[in-house]
Structures are given as structure tokens and as C-alpha cells.
Amino acid sequence: MAESECETPSTPGEFESKYFEYNGVRLPPFCRGKMEEIANFPVRDSDVWIVTYPKSGTSLLQEVVYLVSQGADPDEIGLMNIDEQLPVLEYPQPDLDIIKELTSPRLIKSHLPYRFLPSDLHSGESKIIYMARNPKDLVVSYYQFHRSLRTMSYRGTFQEFCRRFMNDKLGYG
């Protein structure tokens, strides 16, 4: 599959993109070299997938899904690391081999576009929960998130960030 470096126009705030392009979509650097392995990731019919664009309410949704699927106590969810219970497929940790070995039903998250998810997911019996958020709210949250990340250190204007968002120049398409 095609991977290439992406040049993101710099802004007055010294923002330099760390994204790379994969089949026309900008992805974060930790996805580099993993996309073929993700496409071939073994899917189980009992899997439950949470698929969202970043900053679309993933944290709340993952907690609700975990509580319902595990019959867990809502008062105890704040005491656990929910990200260990619902790993993100494309993140560096945990490794894909660890996710493969989770007991069923596996709860798995991803921010990848649907076409980049494991190919078996497209034809299997797994459950996919997709959450969308009003783009106006999402872009504000995503802007604040990018400004807070040391690795991205976005310092451009909100207007420039919106232009990038509208033109698919940010991560995950």
C-alpha cells in the first residue's frame, strides 16, 4: 500500500505535521508500517468495535460499552484504566499480538476510516458501533487537543486549523 511523507504548510506558530499519507488519508506516525498488518488482523464474530473520528466522544462511548458488555459497576469505572480494557487497534501499545489474544468478546477501538479496518470486519458478524459528532463541536475539541500535544505543538490560528480540517489535512481523513 502507498505510504508517503506529507508536507503540511507551516503556520506562524511553527506547526510541523508528523502525519504521513496512506492511500490518500493522513495518519499519525504510529500507524506507519502497520497498515497491512491491520488489514489482515483476525476478526472474531464476537468482537465489538468502537469506531470514531478523534474527539467524537470515544471516551464516553467506550465506558458505556464496557459497562453494558461486562455488567460492570458504574462507580468502579473511574478506578480502572479503561484504555486497557478497550485497546486502540492502531496505537503502538498494546501490540497487535496482544489484542489478538484477548478473550472474547473483545472490545476494540479505532479512529481509522472504515476502509482501513481489518478486511474480515467488512464481511463478518462482528458488531461495529460508530459514533459521529457535530463537526462544529468536533473541530473545536480537535483544535484544543492538537494545541495541547507536545508532539504536534500546533500554534496556528483556529481559522487555519479549520481550513486544514475542511480540506482533510489533519489526521484520519
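Residue 155 in the working numbering sits at position 166 of the sequence shown, and the numbers go up by one each step. Cβ atoms here follow ideal geometry from the backbone N, Cα and C, with glycine treated the same way.
Excluding sequence positions up to five away, which residues of its chain have a Cβ less than 8 angstroms from the Cβ of Pro102?
Sequence index remark: in the sequence shown, residue 102 carries index 113 (1-based). Excluding sequence neighbours, Pro102 sits near Val14, Tyr161, Gly162.
Roughly how many angstroms lie between the CA atoms of Glu10 and Phe134, to the nearest whole one?
Here residue 10 corresponds to residue number 21 of the sequence shown, with the count starting at 1. Here residue 134 corresponds to residue number 145 of the sequence shown, with the count starting at 1. Whole-angstrom Cα-Cα distance: 21 angstroms.
Using three-state DSSP, classify Tyr132 as helix, strand or coil.
For the purposes of this step, residue 132 is identified with residue 143 of the sequence shown, where counting begins at 1. Looking at Tyr132 - three-state DSSP - the assignment turns out to be helix.
Whole-angstrom Cβ separation of Val37 and Ile118, contact assumed at under 8 angstroms?
If you number the sequence shown from 1, residue 37 lands on position 48. If you number the sequence shown from 1, residue 118 lands on position 129. The Cβ separation is near 7 angstroms, so the contact holds.
Could you check where the alpha helix (DSSP H) with Thr41 kicks off and where it finishes?
The sequence position of residue 41 within the sequence shown is 52, counting from 1. Note, Thr41: premise wrong, no alpha helix (DSSP H); beta strand (DSSP E) at 37 to 41.
Compare the C-alpha of Ser99 against each of Lys7, Asn12, Leu16, Val57 and name the closest.
Within the sequence shown, numbered from 1, the residue matching residue 99 stands at position 110. Nearest C-alpha to Ser99: Leu16.
What span of residues does the alpha helix (DSSP H) with Arg15 cover, start to end?
Sequence index remark: in the sequence shown, residue 15 carries index 26 (1-based). No alpha helix (DSSP H) holds Arg15; the beta strand (DSSP E) holding it covers 14 to 16.
Report the rounded CA-to-CA distance for Gly113 versus Pro107, giving the unit in angstroms.
For this step, residue 113 is matched to residue 124 along the sequence shown. For this step, residue 107 is matched to residue 118 along the sequence shown. Whole-angstrom Cα-Cα distance: 10 angstroms.
Straight-line CA distance for Leu78 to Glu25?
Counted from its first residue, the sequence shown places residue 78 at position 89. Counted from its first residue, the sequence shown places residue 25 at position 36. If you take the alpha carbons of Leu78 and Glu25, they lie about 13 angstroms apart.
Please confirm if the segment 64 to 77 is in contact with the segment 140 to 149, defined as three or more CB-CB distances below 8 angstroms between the two stretches.
Flag = no, the segment 64 to 77 and the segment 140 to 149 do not touch.
Does the segment 89 to 96 come within contact of the segment 54 to 65, defined as at least 3 CB pairs closer than 8 angstroms?
Yes, since at least three Cβ pairs between the segment 89 to 96 and the segment 54 to 65 fall closer than 8 angstroms, the two stretches touch.
Mapping DSSP to helix, strand and coil, what is Pro(-2)?
Mapped onto the sequence shown, residue -2 falls at position 9. With a pLDDT of 37 at Pro(-2), under the threshold of 50, the modelled position of this residue cannot be trusted, and the question is left open.
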